[in-house]
Structures are given as C-alpha cells and as structure tokens.
Amino acid sequence: MEGRTVSYSRTTITELMIPAYANFGGKIHGGVLLSLMDKAAYACASKHAGTYCVTVSVDTVNFLQPVEVGELVSLKASVNYVGSSSLVVGIRVIAEDVRSATVKHTNTSYVTMVAKSEDNEKVMVPPLILEGDGDIRRFLAALKRKRLRSYAKGKMDAYRKEFKLDDGVRSILEDQRCIVSLA
Ligand SMILES: CC(C)(COP(=O)(O)OP(=O)(O)OC[C@H]1O[C@@H](n2cnc3c(N)ncnc32)[C@H](O)[C@@H]1OP(=O)(O)O)[C@@H](O)C(=O)NCCC(=O)NCCS
C-alpha cells in the first residue's frame with residue numbers, strides 16, 4: 097500500500113462565531129467547538145484514508161481561553177499517527193479577533209478515527225510518510241499517548257475489580273468534600 101504525506105491531508109476549517117453559538121454568558125458553547133473539531137478530524141482522516149471514517153475517541157479537550165461572538169475560529173488538522181485501521185488527527189484551534197488582529201490558542205486535542213468500508217468493516221489505512229523532525233515527533237508522541245492510555249486503562253480496570261469499602265477507602269474520603277451516607 098502506498099504511503100501518503102502529512103501535507104496530503106492537512107486541513108483547515110475557518111468559521112465565524114455567530115450569536116446563535118453563544119451560551120447565556122455570551123461566550124461560545126464548548127459543544128460548538130467540539131462539533132467543529134469532529135468535522136475537521138473527519139475531513140483530514142477521510143482524505144488520508146480515502147474512505148469513510150468514524151470518530152472513536154478524543155484525547156483531552158481543555159479550553160484554555162473563552163471564544164467570543166464575532167471571532168473567527170480556525171481549526172488546523174493533520175494526521176499525526178496511523179495504526180492499522182486507526183488514525184490520530186491533531187487539531188490546533190485558534191480564535192482571531194479581526195478588528196484588533198489578536199490571535200489566541202484555545203486548545204489542541206487529538207481525535208482518533210477509524211477507517212470504515214461501505215459495509216461498516218474496518219479497513220487498513222495507507223502508511224504515513226514522515227518528512228521532517230516535526231512529523232516524527234508528533235508520530236512518536238501519539239504512540240506514547242496510546243501506550244499511556246492503555247496503561248491507565250489497565251490500572252482503572254484493576255481498581256474497579258478490586259474495590260472494597262475498607263478502612264483505607266474511608267480514610268481517603270475523610271479528606272474529600274463528600275459526605276458518606278450509607279443506609
Ligand atoms: C471503534 C470501533 C471501530 C472499534 O471496533 P473493534 O472491532 O473493537 O476494533 P479494534 O479493537 O480492532 O479497534 C480498531 C482500531 O481502533 C482503535 N481503538 C479502539 N478503541 C479505541 C479507543 N477507545 N481509543 C483509541 N483507539 C481505539 C484500536 O487501537 C484499533 O486501531 P488499529 O486498527 O490501528 O490497530 C467500533 O467500536 C465502532 O465502530 N464504534 C463506533 C464508532 C462510531 O460510530 N463513532 C461515531 C459516534 S456516533
């Protein structure tokens with residue numbers, strides 16, 4: 097299977113933040129940005145894969161700064177990593193106030209997509225051609241996040257399986273802002 101470069105599928109989506117996107121506090125709803133991120137990830141992943149793709153997971157979304165009505169939001173998406181059927185798309189989101197010419201970085205997140213065939217079967221994606229230090233760093237960072245997630249999942253599965261309401265648990269809860277009220 098022939099590889100594809102990162103630049104082949106690099107995608108930018110820009111959208112004006114209109115009043116209908118705002119919450120009661122006048123800032124843009126986080127969900128509006130999540131929806132735009134999903135669109136950008138889809139456009140980028142499906143271009144690399146050459147097939148339909150589905151969203152599997154989003155790796156940490158931290159909104160660092162609020163987005164205002166009237167700002168132009170741009171989402172820059174590129175494939176950072178490919179496995180067999182999965183692709184990790186890195187998305188950098190910036191918001192621009194055109195009147196003051198200021199640009200702020202609102203978040204960077206990583207969306208895992210899986211390539212699917214017409215009959216909903218997983219399909220193999222083309223290898224990613226890494227053309228520079230940046231491409232290599234992002235590929236390896238995605239691999240590291242994948243391994244850390246798998247390690248954390250193992251730990252949390254074991255925690256759930258082994259959970260017992262014993263004295264150790266009670267002493268941890270003593271320092272927390274909760275009230276244990278058992279029947
Ligand atoms: C995600 C999905 C494809 C996994 O299917 P599966 O048969 O369990 O397949 P696998 O375990 O082999 O996983 C397929 C790939 O997804 C990756 N994957 C699965 N779950 C993942 C997760 N939670 N996070 C990141 N990657 C994940 C696997 O590592 C694997 O990658 P690889 O092919 O590059 O090695 C399947 O559960 C699905 O179709 N989910 C619905 C997705 C969807 O419809 N999204 C839209 C939301 S409405």
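For the sequence shown, my numbering assigns the number 97 to the initial residue and increments by one for each residue that follows. Beta carbons are placed, not taken as given, at the ideal position from N, Cα and C, and that holds for glycine. Remember, predicted model here, so these are calculated numbers, not experimental data.
- Rounded to whole angstroms, Lys135 and Ser142 show a C-alpha spacing of 11 Å.
- Ligand 1 never approaches Val185 closely enough for any of its heavy atoms to be under 7 Å from the residue's Cβ.
- DSSP places Arg195 in the coil class of the three-state scheme, outside both helix and strand.
- Within the DSSP secondary-structure output, Glu270 pairs in no beta bridge.
- Distances between the C-beta of Val152 and the heavy atoms of ligand 1 include at least one below 7 Å.
- Residue environment for Gly264: exposed (fewer than 16 other C-beta atoms within 10 angstroms of its C-beta).
- Look at Ser277: its beta carbon is at least 7 Å from all of the heavy atoms in ligand 1.
- Its Cα nearest to that of Gly126, the residue Pro162 stands out among Thr110, Pro162, Lys242.
- Ranked by Cα distance from Ala237, the first of Thr198, Ala197, Ser180, Val175 is Val175.
- As DSSP reads the structure, Val154 sits in a beta bridge with Val207.
- Linking Glu167 to Lys200 through their CA atoms gives a straight-line distance of about 10 Å.
- The three-state secondary structure of Arg243, taken from DSSP, is helix.
- Contact between the segment 101-114 and the segment 219-232 is established, with three or more Cβ pairs separated by less than 8 Å.
- Between Leu132 and Val169, the C-beta spacing is below 8 Å.
- The residues Met220, in chain order, have a CB closer than 7 Å to that of Ser180 in the same chain once the five nearest residues on each side in sequence are set aside.
- Here Met252 is exposed. Its C-beta has fewer than 16 other C-beta atoms within 10 Å.
- Comparing alpha carbon positions, the residue from Asp193, Val185, Asp229, Lys242 closest to Ala211 is Val185.
- Distances from the CB of Val219 to the heavy atoms of ligand 1 are all 7 Å or more.
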